[in-house]
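Residue numbers (the working numbering): 2 to 91.
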């Protein structure tokens, strides 16, 4: 199966930038979804998830909008942990 990876980030978030750098080094493709530029959409996601923390990661199958969110502090504690989760899909 093929998957899409979306990172919900902000430009000046050091955790977000660190994760993007590591993904680039691993050649794992992702969509960088700036929550400042897309504030209204992000607020809908926050309402659904009940948490507003970055970088939130979303992985879904290609051609299928339904997927899974991974939230820092809830689903993973460190950058290494989320990278290991992501690598299971790519």
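We treat Cβ as the ideally placed atom computed from N, Cα and C, and that holds for glycine.
In angstroms, rounded to a whole number, what distance separates the CA positions of residue i and residue j?
i, j, result
"residue 29", "residue 65", "19 Å"
"residue 32", "residue 10", "10 Å"
"residue 24", "residue 91", "11 Å"
"residue 13", "residue 26", "20 Å"
"residue 3", "residue 61", "9 Å"
"residue 50", "residue 68", "13 Å"
Please tell me whether residue i and residue j are closer than 9 Å, where the distance is taken between their beta carbons.
i, j, result
"residue 52", "residue 72", "yes"
"residue 76", "residue 87", "no"
"residue 89", "residue 70", "no"
"residue 47", "residue 5", "no"
Identify every residue that forms a DSSP beta bridge with residue i.
i, result
"residue 42", "Bridge partners of residue 42: none, in fact."
"residue 58", "8, 71"
"residue 34", "9"
So, at 8 Å on beta carbons, what are the nonlocal neighbours of residue i in its own chain, with the 5 sequence-adjacent residues on each side left out?
i, result
"residue 16", "55, 56, 73, 80"
Can you name, in chain order, every residue of its own chain whose Cβ lies under 6 Å from the Cβ of residue i, other than the five neighbours on each side?
i, result
"residue 34", "7, 9"
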